[in-house]
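Protein chains in written order, with the working numbering: chain A, 1 to 290; chain B, 1 to 285; chain C, 1 to 368. For glycine and all other residues, C-beta sits at the position ideal for the given N, C-alpha and C. All values derive from a computational prediction rather than experimental measurement. Notes for the one structure printed next.
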Amino acid sequence: MEWLERNVPKLVLAPSFVAILIFVYGFIAWTAWVSLTRSKLMPRYELDGFGQYTRLFASPRWDVAMNNLYIFGALFIIISMLIGLMLAIFLDQKIRAEGVLRTIYLYPMALSLIVTGTAWKWILNPGLGIQEMVRGWGFESFAFDWLIRPEMAIYTIVIAAVWQASGFVMALFLAGLRSVDTEIIRAAQVDGIPTRRIYSAIIIPTMAPIFLSAFIVLAHLAIKAFDLVIALTNGGPGYATDLPATYMYAMAFSRGDLGQAAASAMIMMMVIFAIVVPYLYSELRPRRDQ
Amino acid sequence: MTSNTTILRWGLYGILILFALFYLLPLFVMLTTSLKSLEEIRTGSLLALPRGLTFQPWIEAWSSACAGTQCEGLRPFFWNSVLMAVPAVMISTIVGALNGYVFAQWRFPGANLFFAAILFGCFIPFQVVLMPMARMLGLMGLAGTIPGLIFVHVIYGIGFTTLFFRNYYVTIPQELVRAAKVDGAGFFRIFWSIFLPISLPIITVSVIWQFTQIWNDFLFGVSFSGPGSQPVTVALNNIVNSTTGVKAYNVDMAAAIIAALPTLLVYVVAGKYFIRGLTAGSVKG
Amino acid sequence: MPILEIDHLQKSYGETHILHDINISIEEGDFLVLVGPSGCGKSTLLNCIAGLEPITGGTIRIADRDVTGVSPKDRDIAMVFQSYALYPTMSVAKNITFGMQVRGVDKATQDRKLKEVAGQLQIEQLLHRKPGQLSGGQRQRVAMGRALVRDPKLFLFDEPLSNLDAKLRVSMRTEIKKLHQDLNASIVYVTHDQIEAMTLATKIVVMKAGVIQQIGTPAEIYNRPANMFVADFMGSPAMNLIPARARPQDGVTRIEIDRDGAEPLVITDPVARDLPAEIVLGVRPEDIHEATGQAHLPENAQGAGGDVMIDVVEPAGADTFAVTHLGGKPVTARLRAESAVVAKTRFPLAFDLSKVSYFSPQDGSRLN
């Protein structure tokens with residue numbers, strides 16, 4: 001009874017502990033193991049070195065997927081941050097109807113990426129979408145057919161992803177702007193520093209942690225991007241818009257190549273951890289000291 | 001000087017409104033398209049308002065559109081999503097509340113390490129657990145079932161719910177638990193009488209976050225569901241990519257709106273808590 | 001029968017020792033104050049007594065019962081916390097009766113006791129409010145009510161007044177003292193405020209870095225501090241600690257203190273003392289007197305002093321503080337308000353040698 005009383009907290013955590021241990025860490029270990037075997041349609045458990053990784057890096061399709069990830073990731077992160085920061089600063093200027101505007105900017109974040117993909121697929125389709133509309137206005141030679149051009153299709157994914165996430169970045173930055181000590185801003189105003197300089201020299205530098213967390217979130221979204229590609233281009237034309245996530249899914253569930261799927265999943269995880277681990281480490285550190 | 005600032009101000013509003021239009025455009029296009037006939041879509045412009053309102057696409061999207069070979073509209077899948085989301089949200093929130101309560105108020109040696117392990121769990125790309133989970137669900141006899149999906153969403157949701165509650169409860173002074181201990185209350189009594197009554201805001205945040213995540217999920221849905229248990233996002237994708245018959249854009253759009261409606265509604269009603277979840281879930285994890 | 005007996009208590013986190021060999025015993029009706037600078041372990045000790053923190057070694061007995069491994073709820077104690085720790089969603093009445101409710105006390109008894117305590121603390125009109133609607137002082141009362149209603153063997157107070165403003169703190173202090181007298185309750189009280197310790201305690205424990213420095217009545221602690229730490233910590237302004245030299249001579253003791261720009265000051269303690277050559281002389285500001293013609297000197301201060309340079313004069317209403325420096329240290333004297341002392345002049349001062357303390361400069365311990 002005494003024992004039970006003292007150990008209730010641990011007992012309450014126990015199921016979660018077991019679950020996380022098996023379903024997160026155990027499963028990662030399983031995938032890591034399989035990535036080192038010759039597994040095809042069915043998992044095999046005899047270790048076979050790094051053959052799957054060599055095959056992966058030699059695969060042109062994986063090459064395209066990683067290239068797409070760089071293009072998509074870089075553009076998505078940079079554009080979302082720029083738009084988010086700009087909207088946040090503009091909204092911070094005592095704007096009327098700020099609440100309404102904020103609500104409009106942020107609502108895409110509540111939508112499923114499948115819905116977003118469906119909507120943009122319709123808007124961007126050359127036959128009846130924007131291209132046709134502009135041509136209907138008299139610009140007969142206007143072309144906006146990125147969706148069906150292999151070398152441009154990845155940019156349509158950038159457009160849709162920026163549309164979905166930039167409002168969220170705005171919300172993060174706005175919260176950051178609002179949390180800057182107003183006394184510092186007043187002091188700067190009294191010193192006669194122009195508004196533009198107050199932002200560039202005082203407010204934005206103090207928001208460095210928010211830039212960092214916005215970056216982390218966006219990078220995380222980019223690497224995990226799956227639904228949007230499936231709904232918007234389904235990886236096509238051909239496999240021109242494949243990302244690591246869709247590559248992994250195709251290998252695991254339609255091509256029956258578990259070894260390749262496992263190896264690509266491990267690479268994804270390593271990329272994410274390379275970004276997130278230092279961040280989490282620095283986030284947890286000061287709190288432990290308290 | 002004043003005229004200069006006035007122009008600046010107008011420019012400011014101009015840009016802000018332009019962006020508002022950019023964000024609203026897809027919603028507007030979806031809505032108008034879903035109310036047009038196919039004929040009007042083919043002949044009219046993308047941005048034009050519908051000339052003759054028709055609700056036929058909505059009726060079709062709800063009850064007769066074909067997803068693959070199944071032609072029952074979104075309705076059965078919508079209910080699948082409800083049956084999946086409601087229990088998964090409830091269970092993961094309850095578990096997260098208790099976990100967060102322990103992490104914040106009943107620390108023990110090693111608890112910090114475990115908490116860090118949970119945090120890392122929030123960040124893993126789910127691709128890395130997809131295959132073993134598929135096999136595990138098969139072993140448990142849950143493959144292709146709604147309980148299977150509930151299980152998966154609970155497992156990978158408790159990381160975030162634990163984080164929410166832990167960060168909320170950690171702001172409550174430890175003396176409260178000490179006072180209650182001296183008063184003779186135990187672990188669950190303290191949770192029930194003291195912590196639960198102050199938790200409404202964070203419960204709301206957790207419920208909204210989990211609901212949005214689970215309702216909008218596609219990866220787990222497409223990987224682990226069977227024909228009878230597909231969630232609405234998977235069905236929507238199937239309807240849109242269905243190759244049988246004429247491409248019915250208006251039905252696609254109506255279906256997309258139907259699939260988006262629950263989370264959109266939550267956002268409009270409780271946007272404040274939605275944002276809190278987003279920022280809490282991102283800034284701190 | 002002692003109400004609380006702590007025997008060889010040890011507490012450590014891994015290699016870090018928080019409390020070293022604590023031995024304390026108090027009788028029923030005692031008001032024990034644990035005092036010391038922050039981080040000295042006094043709050044940890046209180047939490048150990050409450051059972052909120054496990055101890056590494058030793059025993060704790062409350063009312064002659066070994067409670068060392070017993071959980072807080074079974075120790076027959078009640079506690080008042082620094083932040084008051086009122087349950088935020090419960091009304092004042094519910095806050096006070098929660099403990100009884102958890103223990104299954106019947107409703108009639110609950111109501112009777114609630115009424116009794118509310119009357120005692122004059123909070124009847126607050127019973128239906130929530131803690132958020134109360135002022136700091138009112139919360140403090142409710143927190144005390146929650147403890148009082150339990151009628152425990154031992155009350156524990158953890159810096160209960162530190163969140164109140166200065167004025168309220170003084171009046172609540174008086175009220176706690178009155179409560180103690182009326183109820184004849186046994187109390188352990190933690191504070192970092194030495195004035196609170198002096199005014200409230202029947203017994204004081206001075207702690208530093210997890211070690212007890214001295215246990216005694218307020219008068220003992222004040223008049224005969226066991227070491228330089230206690231001397232410096234208790235009393236405001238603090239006791240002057242002046243480096244000096246001692247020389248036994250013909251049945252008296254000569255004390256020599258360096259002074260700037262003049263011969264060393266030599267004073268004569270009429271008692272022969274066994275002191276080392278190097279000492280630290282401890283003298284409270286009120287034991288340094290004006291040695292001009294019109295002042296009345298205590299017998300032991302006659303001739304024990306000389307002219308010193310006054311650096312600063314601080315009139316404080318009832319008293320005037322004159323600061324000089326001796327032996328390389330600033331020295332404060334508490335003089336009468338109407339004293340004619342003027343800064344930057346020489347002024348005669350005399351030490352009341354019946355009240356001085358001598359300390360060892362090596363380990364700070366008391367020598368007389």
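DSSP three-state assignment for residue i, whether helix, strand or coil
{"i": "I202 (chain B)", "result": "helix"}
{"i": "L52 (chain C)", "result": "coil"}
{"i": "Q290 (chain A)", "result": "In this prediction, Q290 (chain A) has a pLDDT of 34, which is less than 50 and means its spatial position is unreliable; what the coordinates show is noted afterwards. In this structure, Q290 (chain A) counts as coil in the three-state DSSP scheme."}
{"i": "H220 (chain A)", "result": "helix"}
{"i": "I124 (chain B)", "result": "coil"}
{"i": "F17 (chain A)", "result": "helix"}
{"i": "N227 (chain C)", "result": "strand"}
{"i": "L53 (chain B)", "result": "coil"}
{"i": "Y13 (chain C)", "result": "strand"}
{"i": "E5 (chain C)", "result": "strand"}
{"i": "G58 (chain C)", "result": "strand"}
Exposed unless 16 or more other CB atoms sit within 10 angstroms - verdict on residue i
{"i": "A337 (chain C)", "result": "exposed"}
{"i": "A262 (chain C)", "result": "exposed"}
{"i": "Q125 (chain C)", "result": "exposed"}
{"i": "F55 (chain B)", "result": "exposed"}
{"i": "Q362 (chain C)", "result": "exposed"}
{"i": "Y45 (chain A)", "result": "exposed"}
{"i": "I288 (chain C)", "result": "buried"}
{"i": "Q93 (chain A)", "result": "exposed"}
{"i": "N4 (chain B)", "result": "exposed"}
Inter-residue Cα distance where the pair is residue i and residue j
{"i": "G69 (chain C)", "j": "S16 (chain A)", "result": "30 Å"}
{"i": "E5 (chain C)", "j": "Y156 (chain B)", "result": "52 Å"}
{"i": "Q127 (chain B)", "j": "A119 (chain A)", "result": "26 Å"}
{"i": "A97 (chain B)", "j": "L11 (chain A)", "result": "14 Å"}
{"i": "F155 (chain C)", "j": "Y267 (chain B)", "result": "51 Å"}
{"i": "I123 (chain A)", "j": "L31 (chain B)", "result": "12 Å"}
{"i": "L24 (chain B)", "j": "R9 (chain B)", "result": "22 Å"}
{"i": "F160 (chain B)", "j": "T59 (chain C)", "result": "43 Å"}
{"i": "A117 (chain B)", "j": "Y25 (chain A)", "result": "9 Å"}
{"i": "A29 (chain A)", "j": "S254 (chain A)", "result": "23 Å"}
{"i": "A245 (chain A)", "j": "M90 (chain C)", "result": "51 Å"}
{"i": "Y189 (chain C)", "j": "L134 (chain C)", "result": "24 Å"}
{"i": "A56 (chain A)", "j": "V152 (chain B)", "result": "In the sequence on display, residue 56 (chain A) carries Leu and not Ala. L56 (chain A) and V152 (chain B): Cα-Cα distance of roughly 28 Å."}
{"i": "T305 (chain A)", "j": "A231 (chain A)", "result": "Because residue 305 (chain A) is not part of the residues shown, which for chain A are 1 to 290, the question remains open."}
{"i": "F359 (chain C)", "j": "M228 (chain C)", "result": "7 Å"}
Beta carbon of residue i nearer than 8 Å to that of residue j
{"i": "V234 (chain B)", "j": "G221 (chain B)", "result": "yes"}
{"i": "I26 (chain C)", "j": "S186 (chain C)", "result": "yes"}
{"i": "V251 (chain B)", "j": "A65 (chain B)", "result": "yes"}
{"i": "A272 (chain C)", "j": "E256 (chain C)", "result": "no"}
{"i": "L121 (chain C)", "j": "G104 (chain C)", "result": "no"}
{"i": "G84 (chain A)", "j": "M152 (chain A)", "result": "no"}
{"i": "I198 (chain A)", "j": "A20 (chain B)", "result": "no"}
{"i": "A110 (chain A)", "j": "L264 (chain B)", "result": "yes"}
Neighbour list for residue i in chain A, Cβ cutoff strictly below 8 Å
{"i": "I124 (chain B)", "result": "V24, I28, M269, I272"}
{"i": "A302 (chain B)", "result": "In the structure as shown, chain B begins at 1 and stops at 285. Residue 302 (chain B) is therefore absent and cannot be evaluated."}
Within chain A, the residues that residue i reaches when beta carbons sit closer than 9 Å
{"i": "G228 (chain B)", "result": "What G228 (chain B) touches in chain A: nothing, since even the nearest Cβ is about 18 Å away."}
{"i": "A254 (chain B)", "result": "The premise fails here: A254 (chain B) is roughly 11 Å from chain A at the closest Cβ pair, so nothing lies under 9 Å."}
Any non-hydrogen atom of the ligand PLP within 7 Å of residue i CB
{"i": "A262 (chain C)", "result": "Absence of the ligand PLP from the depicted structure is noted, as is the absence of any ligand whatsoever, leaving it without description."}
Contact list for residue i against chain A, beta-carbon separation under 7 Å
{"i": "N237 (chain B)", "result": "I114, I230, A231"}
{"i": "G121 (chain B)", "result": "I20, V24"}
Beta-carbon neighbours of residue i, restricted to chain B and to distances below 7 Å
{"i": "F155 (chain C)", "result": "Near F155 (chain C) there are no residues of chain B at all, since even the closest Cβ is about 11 Å away, more than 7 Å."}
{"i": "P9 (chain A)", "result": "V102, W106, F108, F187"}
{"i": "S83 (chain C)", "result": "P173, E175"}
{"i": "F168 (chain A)", "result": "L278"}
Interface partners of residue i on chain B, CB under 8 Å
{"i": "M79 (chain C)", "result": "R178, A179, V182"}
{"i": "I223 (chain A)", "result": "P125"}
Where residue i meets chain B, residues with beta-carbon distance less than 9 Å
{"i": "K11 (chain C)", "result": "Result: empty, since nearest Cβ-Cβ is about 15 Å, beyond 9 Å."}
{"i": "K73 (chain C)", "result": "K181, V182, D183, G184, A185, G186"}
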